[in-house]
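Numbering (this note's numbering), first residue to last: 12 to 267.
Idealized CB from N, CA, C, for every residue including glycine.
Okay, structure first, notes after.
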Amino acid sequence: MTITTPEDFTQRWRQPPNFPMEAGFDYTFLPAIDILDHIRSDEEVRFTILGDDDWQVRMDRTAALRTAPIEEVVTWPFRLVHFNLSRFYDDLLHGFQEEVMIPWRTHLSAQGFAWQRLAPILFLSTEGAASTYHNDNSHGFVWQVHGTKTFHGYLDPDKHLPAEAAVIGETTGEDPPEHDAGDRQSVTMQPGDQLWSHALTPHWVTTESTLAMSVTLSHGGLCHQGGFSERELALRAYWDRNPAEAWTHDLRNVRY
Numbered sequence: 012m013t014i015t016t017p018e019d020f021t022q023r024w025r026q027p028p029n030f031p032m033e034a035g036f037d038y039t040f041l042p043a044i045d046i047l048d049h050i051r052s053d054e055e056v057r058f059t060i061l062g063d064d065d066w067q068v069r070m071d072r073t074a075a076l077r078t079a080p081i082e083e084v085v086t087w088p089f090r091l092v093h094f095n096l097s098r099f100y101d102d103l104l105h106g107f108q109e110e111v112m113i114p115w116r117t118h119l120s121a122q123g124f125a126w127q128r129l130a131p132i133l134f135l136s137t138e139g140a141a142s143t144y145h146n147d148n149s150h151g152f153v154w155q156v157h158g159t160k161t162f163h164g165y166l167d168p169d170k171h172l173p174a175e176a177a178v179i180g181e182t183t184g185e186d187p188p189e190h191d192a193g194d195r196q197s198v199t200m201q202p203g204d205q206l207w208s209h210a211l212t213p214h215w216v217t218t219e220s221t222l223a224m225s226v227t228l229s230h231g232g233l234c235h236q237g238g239f240s241e242r243e244l245a246l247r248a249y250w251d252r253n254p255a256e257a258w259t260h261d262l263r264n265v266r267y
């Protein structure tokens, strides 16, 4: 069921599984290939060249991704991420702060939510590319903008990765472990589709189109009227036991 009302969201956000939702943003992005062409040269962009080609081919493409003809680049299998989109609010993402981020923060606040961090993340990838198998310490509002991706998780994450194990990083790997297909929740997302991804739940994403772009609004420390989600309580308990780490922990997955 797609979540469309604040009441339904408030009931569902505390525990898995993930769920489709509609936030009703009225924002038009530039074409994905234009965003890729612009953002690939930024000093803070991160990317990984993938594929079955030999090591030297991947190294050559890694060196050339910022400068090669964009029509050639989109034929290479790769995944790319940028965590600091505020750098582009005056040009590439003009109006995004006013039309997306401020209304979303205002909406959450009006419903009794608070957070420690709320920021957008941009993902670009080509056909056949996949993210790592990982979990995030933040809740993700995933917005598919261009192309097609499939977001894979589990109907019952505790069966595959208890929250306590996710907190200490037992998740991250290039590929998901063997599992029963019946345990998996795979949601294929077309342009305009939106999905809520729960904090500390293992997942991976595959790209099904020539070029795909999504933006995730990442919510660190999200709580509703002072109450955190069920899995995030494990993170809070860990930080209580290890207070120094609470101030140095990076919310971003370092192996994207």
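In this structure, the CA atom of Ala-34 is about 8 Å from the CA atom of Gln-205. In this structure, the beta-carbon distance from His-209 to Arg-252 does not fall below 8 Å. When the Cα atoms are used, Val-216 and Lys-160 turn out to be separated by approximately 7 Å. In the DSSP assignment, Thr-217 falls within the beta strand (DSSP E) that extends over 215-218. CA-CA distance, Glu-54 to His-93, rounds to 10 Å. According to DSSP, Val-226 shares a beta bridge with Leu-133, Trp-154. Between Val-85 and Thr-137, the C-beta spacing is below 8 Å. Three or more pairs of CB atoms, one per stretch, sit closer than 8 Å, so the segment 127-143 contacts the segment 90-109.
With fewer than 16 other beta carbons inside 10 angstroms of its own, His-190 counts as exposed. Taking 8 Å as the cut-off, the beta carbon of Thr-227 is found no closer than this to the beta carbon of Thr-183.
Linking Pro-27 to Lys-170 through their CA atoms gives a straight-line distance of about 12 Å. Counting along the chain, no alpha helix (DSSP H) covers Ser-208; the unbroken beta strand (DSSP E) around it starts and ends at 205-208. Contact check for Ser-97 and Val-156: beta-carbon distance about 18 Å, past the 8 Å limit, so the pair fails to qualify. Shown here for Glu-181: same chain residues with a beta carbon closer than 8 Å to its own, the five before and five after excluded, namely Leu-172 in chain order.
Residue state for Ile-44 is assigned as helix, using DSSP reduced to three classes. The Cβ neighbour count for Trp-66, taken over all protein chains shown within 10 Å, is under 16; the residue is labelled exposed. Scanning the segment 58-127 from its first residue to its last, the whole beta strand (DSSP E) runs of 3-plus residues come out as 89-93.
Looking at the DSSP output, Gly-164 sits in a beta bridge with Gln-196. Taking C-beta separations shorter than 6 Å and ignoring five residues to either side along the sequence, the partners of Val-111 in its chain run Phe-36, Tyr-38, following chain order. Where Arg-51 is concerned, there is no enclosing alpha helix (DSSP H), because DSSP gives it neither an H nor an E. Under the DSSP assignment, Asp-251 falls in the alpha helix (DSSP H) whose first and last residues are 243-252.
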